[in-house]
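Quick notes on the structure that follows.
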Amino acid sequence: MFFHNFKYTLKILFKSKMLIFWTYAFPLILGTFFYMAFSNIENSEKLEVIPIALVETEEENITYKEVFNALSKEGENQLFTTQYVEEKEAKNKLSKKEISGYVVLEETPKIVVNQSGINETILKLVVEEVEEMTTILKNVATIEISKKITTEEGRYGEEQFETWYTEIYKKVMEIQNEQEVNIKDTSNANLSYTMIEFYTLIAMTCLYGGILGMVAINQNMPNMSNKGKRISISPLSKGKLILSSVFASYIVQLIGLSLLFLYTVFVLHVEYGTNLSLIILLALVGSLSGLSLGIFVATIFKVNENTKTGIMISVTMFGCFLSGMMGITMKYIVDKNIPLLNKLNPASMITDGFYSLYYYSTHERFYFNIISLLVFSAILIFFAILSLRRQKYDSI
Amino acid sequence: MKMKIMNYHYKKEKGEKMKNCIEVKNLVKEYKEIRAIDDLTFEVKEGEILGLLGPNGSGKSTTINCILSLLKFSQGSIKIFGEKMDVNAYEIKRNIGVVFQDVSVFEELNVYDNIDYFCGLYIKDKQLRKTYIEDALHLVGLENYKKFYPKQLSGGLLRRLNIACGIAHKPKLIFLDEPTVAVDPQSRNNILDGIEKLRRFGATIVYTTHYMEEVEILCDRVIILDKGHIIASGTCDELKHLANIEEKVTVEGIELSQKTLSKIKEFKNIEEVNYEENILFITYKKGKNNLSELMDFLKEKKVTYNKIFSERPTLNDVFLELTGKELRD
Chain A
6 MFFHNFKYTL
16 KILFKSKMLI
26 FWTYAFPLIL
36 GTFFYMAFSN
46 IENSEKLEVI
56 PIALVETEEE
66 NITYKEVFNA
76 LSKEGENQLF
86 TTQYVEEKEA
96 KNKLSKKEIS
106 GYVVLEETPK
116 IVVNQSGINE
126 TILKLVVEEV
136 EEMTTILKNV
146 ATIEISKKIT
156 TEEGRYGEEQ
166 FETWYTEIYK
176 KVMEIQNEQE
186 VNIKDTSNAN
196 LSYTMIEFYT
206 LIAMTCLYGG
216 ILGMVAINQN
226 MPNMSNKGKR
236 ISISPLSKGK
246 LILSSVFASY
256 IVQLIGLSLL
266 FLYTVFVLHV
276 EYGTNLSLII
286 LLALVGSLSG
296 LSLGIFVATI
306 FKVNENTKTG
316 IMISVTMFGC
326 FLSGMMGITM
336 KYIVDKNIPL
346 LNKLNPASMI
356 TDGFYSLYYY
366 STHERFYFNI
376 ISLLVFSAIL
386 IFFAILSLRR
396 QKYDSI
Chain B
977 MKMKIMNYHY
987 KKEKGEKMKN
997 CIEVKNLVKE
1007 YKEIRAIDDL
1017 TFEVKEGEIL
1027 GLLGPNGSGK
1037 STTINCILSL
1047 LKFSQGSIKI
1057 FGEKMDVNAY
1067 EIKRNIGVVF
1077 QDVSVFEELN
1087 VYDNIDYFCG
1097 LYIKDKQLRK
1107 TYIEDALHLV
1117 GLENYKKFYP
1127 KQLSGGLLRR
1137 LNIACGIAHK
1147 PKLIFLDEPT
1157 VAVDPQSRNN
1167 ILDGIEKLRR
1177 FGATIVYTTH
1187 YMEEVEILCD
1197 RVIILDKGHI
1207 IASGTCDELK
1217 HLANIEEKVT
1227 VEGIELSQKT
1237 LSKIKEFKNI
1247 EEVNYEENIL
1257 FITYKKGKNN
1267 LSELMDFLKE
1277 KKVTYNKIFS
1287 ERPTLNDVFL
1297 ELTGKELRD
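Residue numbers (this note's numbering), protein chains in the order written: chain A, 6 to 401; chain B, 977 to 1305.
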């Protein structure tokens, strides 16, 4: 009889148009919308290569030349197209808007631009950054040399100064290069808006699955429906009824989630990363949390089914809003100002789980989210069971 | 399983004393300060159809919900098949079928699947279930609607489906809570025929309604409820004696002078005479040949009329006599 109820609950859930819309169709529609909206934003935000000119002077400035040469190398990270010209020609090109600006490579480089804009700002920032870095390195080197002179005074002649300087400078440059490499590696894993939106979309789908659980519980509760009354007076135990119904709704929910994954991966070409087993684990646990939320709402709130559905949708949408669905900034604002709120928000736990899986090489944060979701589910199920243990009702 | 089928068709031998199928003793149900059921005591014998008659809010459905252990009750005891009824009394529940007042079927399932779902909560054997479903479909006359979904059915057919879902597992005890509310005459007749068949098969039925005609047709015994109290109980004939009238005569399309009307009021056995808008309505306390005497008198006085007919008192008259209000108030 467990299987009998399980089979028919599956059939009923699959044939319920309202449920299928909210748990299957709505996430797909929203996913398509995200894809159309956010991928365009990202494309429009991609930087174009900035044409600039460099004017060499008698004061040779190797550092800047190397930096601009590196940033002008053809490839994914190319920022500038650089040409070495006389200052007069540079002025000419600038007036004709052939270049966004030019840099006169003096000891302290001079930037010349015609207007304020993104390209001009980037050029200015690069020059300032290089200047700042060079100054820091020079200062570090000078301090190191001074220490050498102080500690080994008299044992080395003046000729050693240049050797020390070169050694220390090399060392510092090595350190800086290493840092550069590190920064470069991390930037490859930078998240786009779209990815965060898709994570929140998955979180929403997991939580919307709770509506299925809620409906499955409602149909067995005599105080919620006449069908519930009829089922309650059957000789099938409440435990078997609830368990088979909940199991069926979990299966329906997972099928919906799988459809969303397949659609986003194969149609919208979303890349969730390579750690498939952990992605599946998070989806399973996330769905469980959605299901437990549905069971909790079904058992605790003594209102009709439509109101319960309204509660589920509202809670889910608000949770997703806080975790960044309607704007990535919201997640950071909540994380910064009320971190506890996102620690209690299942949508945020799911989103953060995916985020950490994609972003970090270690899995501490991922497992923290998994455990948080399990604890969240356990607490809700505990309260639901307390309520479901009630055998008779004061009124129905 | 075979035993169960035989049990279902079990009929008492003539003269054998009928056991109590339901025993309700001193049942009290309170909603905060309101007593919905006030010290209710009654029994239902095996194989009988007991009618619970009363106006809306009289406590009929509440009584059923208490018997079924769906509702908590404040005092009293309930036994079914001689055993204490409880939420976990699964063996008792196995032999109970309920048809609720509101249609309780799944919109997402067709007629056959709806019956199969509810029947499957009681009967595990698929083959046996198939036979039972066919029997239920035949009983309510839905054989040609197996693949129809509830929204494709008319109100009457939907009610029939509701009944089929409640009785397909062939229970020994059936609760029918106002099963004919808002149905067309054809479906009502079909439903009443079905209930008659269930009685013939030996099922014990508790039938709640506020349609007294149905009670008169179907029920072996009637309990009349008002405000959670039993105000009268017995067979229909026994109850009608409580109405204190024997006959009701109605004459339509008649024109009477005040003098003739006064003469009629002087007839023997008269309880009450009303004359309004060319309709004469007379109730008699007792007596035979009341109708013929009236017709002779009207002929003698050369009074013409369109239609004249006589009725026995109804349960509504009983209710009116006992409570001063109509059953459908």
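Beta carbons: idealized from backbone N, C-alpha and C, even for Gly.
Which residue from the options puts its Cα closest to that of residue i?
i, options, result
"I285 of chain A", "A:L267, A:L298, A:L273, A:I67", "A:L267"
"K152 of chain A", "A:T140, A:L212, A:I173", "A:I173"
"G1204 of chain B", "B:S1034, B:N1220, B:K1008, B:L1097", "B:S1034"
"L1267 of chain B", "B:V1227, B:L1085, B:L1016, B:A1179", "B:V1227"
"L391 of chain A", "A:E133, A:I300, A:L59, A:G315", "A:I300"
"E63 of chain A", "A:Y89, A:L110, A:A42, A:T269", "A:L110"
"K1069 of chain B", "B:S1050, B:K1239, B:G1142, B:L1003", "B:G1142"
"I1258 of chain B", "B:K1235, B:I1221, B:N1282", "B:I1221"
"K1264 of chain B", "B:K1224, B:T1185, B:K1241", "B:K1224"
"K175 of chain A", "A:T304, A:F203, A:I201, A:V145", "A:V145"
"V251 of chain A", "A:T14, A:H9, A:M6", "A:T14"
"G1210 of chain B", "B:K995, B:L1026, B:E1022", "B:L1026"
"E1083 of chain B", "B:Y1281, B:Y1260, B:Y1125", "B:Y1125"
"N1002 of chain B", "B:I1013, B:M994, B:K1008", "B:I1013"
"E999 of chain B", "B:F1177, B:V1279, B:E1022, B:N1138", "B:E1022"
"I316 of chain A", "A:E71, A:T155, A:L212, A:L76", "A:L212"
"S1233 of chain B", "B:N1245, B:I1255, B:I1246", "B:I1255"
"S1286 of chain B", "B:M1271, B:K1278, B:F1295", "B:M1271"
"K1123 of chain B", "B:I1091, B:Q1051, B:T1185, B:H1186", "B:I1091"
"I384 of chain A", "A:G358, A:L298, A:Y372, A:E136", "A:L298"
"G329 of chain A", "A:T312, A:T356, A:V270", "A:T356"
Can you find the residues in the same chain that come closer than 6 angstroms, C-beta to C-beta, to residue i, ignoring five residues on each side of it along the sequence?
i, result
"R1164 of chain B", "T1156"
"P1147 of chain B", "N1071, I1072, G1073"
"F1094 of chain B", "C1141"
In chain order, what residues of the same chain have a beta carbon less than 8 angstroms from the beta carbon of residue i, not counting five sequence neighbours either side?
i, result
"L1291 of chain B", "L1029, M1188, V1191, E1192, V1198, I1200, C1212, L1215, K1216, L1303"
"N228 of chain A", "K307, Y398, S400, I401"
"G1131 of chain B", "A1158, V1159, D1160, S1163"
"E1172 of chain B", "L1194"
"L35 of chain A", "L206, M209"
"L1174 of chain B", "L1115, I1143, I1150, I1181"
"P240 of chain A", "none"
"R21 of chain A", "One detail in the question is off: residue 21 of chain A reads as Ser in this sequence, not Arg. Answer for S21 of chain A: V220, listed in chain order."
"L349 of chain A", "F381"
Could you list which residues in chain A have their beta carbon closer than 9 angstroms to that of residue i, in chain order?
i, result
"V1074 of chain B", "K234, R235, I238"
Just to make sure I have the definition right: I need the residues of chain B whose C-beta is within less than 8 angstroms of the C-beta of residue i. Which are they?
i, result
"M219 of chain A", "What M219 of chain A touches in chain B: nothing, since even the nearest Cβ is about 16 angstroms away."
"L15 of chain A", "Chain B residues near L15 of chain A: none, gap ~11 angstroms exceeds 8 angstroms."
From the DSSP secondary-structure annotation, give me the bridge partner or partners of residue i.
i, result
"A1208 of chain B", "B:I1200"
"P56 of chain A", "A:T86"
"N1250 of chain B", "B:F1257"
"F1285 of chain B", "B:T1226"
"K1001 of chain B", "B:S1053"
"G106 of chain A", "A:I57, A:V118"
"Y1183 of chain B", "B:G1027, B:L1152"
"I316 of chain A", "Note: I316 of chain A sits in no beta bridge, so no partner."
"G1073 of chain B", "B:I1150"
Which residues of chain B have a Cβ atom closer than 9 angstroms to the Cβ of residue i, listed in chain order?
i, result
"Y398 of chain A", "N1041, L1046, L1047, K1048"
"S21 of chain A", "E1083, E1084"
"M6 of chain A", "G1096, L1097, Y1098, K1100"
"P344 of chain A", "Going along chain B, no residue has its Cβ under 9 angstroms from P344 of chain A, so there is no contact; the nearest lies around 43 angstroms."
Whose Cβ in chain A lies nearer than 8 angstroms to the Cβ of residue i?
i, result
"D1078 of chain B", "N231"
"K1383 of chain B", "The shown model of chain B, from 977 to 1305, leaves out residue 1383 of chain B, and the question about it has no answer."
"R1070 of chain B", "P240"
"Y1088 of chain B", "Within chain A, no residue comes near Y1088 of chain B; the closest Cβ sits about 12 angstroms away, beyond 8 angstroms."
Tell me which residues share the same chain as residue i and place their Cβ nearer than 7 angstroms to its Cβ, disregarding the 5 neighbours each side in the sequence.
i, result
"K12 of chain A", "none"
"R1136 of chain B", "V1116, G1117, L1118, S1163, N1166, I1167"
"I1099 of chain B", "R1105, Y1108, H1145"
"K1277 of chain B", "T1236"
"K1005 of chain B", "A1012, I1013, T1038, C1042, L1047, F1049, S1050"
Since residue i meets chain A, which of its residues come closer than 7 angstroms, beta carbon to beta carbon?
i, result
"Y1093 of chain B", "Y13"
What does residue i reach in chain B if we use C-beta pairs closer than 7 angstroms?
i, result
"P32 of chain A", "The contacting residues do not exist; P32 of chain A stays about 21 angstroms from chain B at best."
Exercise for the section: Output, in sequence order along the chain, the residues in the stretch 1097-1120 of chain B whose CB is closer than 8 angstroms to any CB in chain A. Expected result: L1097, Y1098, K1100
Mind listing which residues of the stretch 1264-1278 of chain B have their C-beta closer than 9 angstroms to chain A's C-betas, in chain order?
-> none
**chain B contacts made by the stretch 299-316 of chain A, where a contact means CB separation under 9 angstroms** = none
task = Give the residues from the stretch 1001-1027 of chain B that approach chain A closer than 8 angstroms (Cβ to any Cβ), ordered along the chain.
result = Y1007
*asked:* Taking beta-carbon pairs under 7 angstroms, can you tell me which members of the stretch 1049-1069 of chain B lie near chain A?
replied: V1063, Y1066, K1069
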